[in-house]
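In what follows, a single structure is set out as structure tokens and then discussed.
Written as structure tokens, this is what we have:
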């Protein structure tokens, strides 16, 4: 069953590796978490917009965390993940979730998947896929009090 709206921010424990350092999430900030995979075509198509949202709203109180969730055995290749992180400009903390521990904590089975948590750490919005991604920025703006 998917994580319910209003749920507390789940644990980010269980990453097999972190790129760009482990996140230091500040209380009172809106948190945007996106799940992606190196084999996910839609993830690559939406990445530029994900990063634009990260950059555009960071100064307004948005903190962003990426989680690489493998969809197949080949996706667990850390060197391949590192190359994609460099290629796409993922500078926010990025968990490698090769044991699917973070995905399970978020009750997520999709890539791409997007989660927006309010300033008080409650799930405000979750969605997946390219169609769902179209609704992310309005929810980020709402959470930040900008809509």
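In the numbering used here, the protein residues as written are 1 to 147.
Cβ atoms here follow ideal geometry from the backbone N, Cα and C, with glycine treated the same way.
Item to check | residue 147 and residue 30 closer than 8 Å at C-beta | outcome: Reading the chain shown from its first residue, position 147 is the one you call residue 147. Reading the chain shown from its first residue, position 30 is the one you call residue 30. Residue 147 is not a Cβ neighbour of residue 30, given a cutoff of 8 Å.
Next on the checklist: Using C-beta distances below 8 Å, list every residue in its chain close to residue 20, excluding the 5 sequence neighbours before and after it, in chain order.
Outcome noted: The sequence position of residue 20 within the chain shown is 20, counting from 1. Excluding residues within five positions, the ones whose Cβ falls inside 8 Å are 85, 90, 91, 92, 93 and 94.
Checklist entry - Taking Cβ to Cβ, would you say residue 139 is nearer than 8 Å to residue 7? => result Here the question's residue 139 lines up with position 139 in the chain shown. Here the question's residue 7 lines up with position 7 in the chain shown. Remark: C-beta atoms of residue 139 and residue 7 do not approach each other more closely than 8 Å.
Next on the checklist: Output needed for residue 47: all residues of its chain with C-beta closer than 6 Å, excluding positions within five of it in sequence on either side, in chain order.
Outcome noted: Residue mapping note: residue 47 aligns to position 47 of the chain shown, counting from 1. So the qualifying residues of the chain are 88.
Checklist entry - Closest by CA to residue 129, which one among 137, 111, 145 and 143? => result As a first step, residue 129 must be located in the chain shown, where it is residue number 129. When each option's Cα is compared against that of residue 129, the closest is 111.
Checklist entry - Tell me which same chain residues have a C-beta within less than 7 Å of the C-beta of residue 3, skipping the five on either side of it? => result Sequence index remark: in the chain shown, residue 3 carries index 3 (1-based). Excluding sequence neighbours, residue 3 sits near 106, 107, 123 and 126.
Checklist entry - Where does residue 77 land, buried or exposed, given buried means 16+ other C-beta within 10 angstroms? => result Looking up residue 77 in the chain shown gives position 77. Exposed: under 16 other Cβ atoms inside 10 Å.
Next on the checklist: Since residue 14 and residue 101 should fall inside the 8 Å C-beta cutoff, what is the C-beta to C-beta distance between them, to a whole number of angstroms?
Outcome noted: By 1-based counting over the chain shown, the position of residue 14 is 14. By 1-based counting over the chain shown, the position of residue 101 is 101. At roughly 2 Å, the Cβ-Cβ gap stays under 8 Å, so residue 14 and residue 101 are in contact.
Checklist entry - Can the beta-carbon of residue 12 be found less than 8 Å from the beta-carbon of residue 23? => result Along the chain shown, one-based indexing puts residue 12 at 12. Along the chain shown, one-based indexing puts residue 23 at 23. In this structure, residue 23 lies closer than 8 Å to residue 12 by Cβ.
Checklist entry - Going by C-alpha distance, which of 57, 58 and 70 is nearest residue 43? => result On the chain shown, residue 43 is found 43 positions in, with the first residue counted as 1. In terms of CA proximity to residue 43, 70 leads the group 57, 58 and 70.
Checklist entry - Does the separation of the CB atoms of residue 81 and residue 67 fall below 8 Å? => result Within the chain shown, residue 81 is the residue found at index 81, counting from 1. Within the chain shown, residue 67 is the residue found at index 67, counting from 1. Not closer than 8 Å, so no.
Next on the checklist: Short of 7 Å in beta carbon distance, which residues of its chain neighbour residue 39, apart from the five on each side in sequence? Order them along the chain.
Outcome noted: Counting from 1 along the chain shown, the entry for residue 39 is found at position 39. Around residue 39: 71, 72, 74 and 75.
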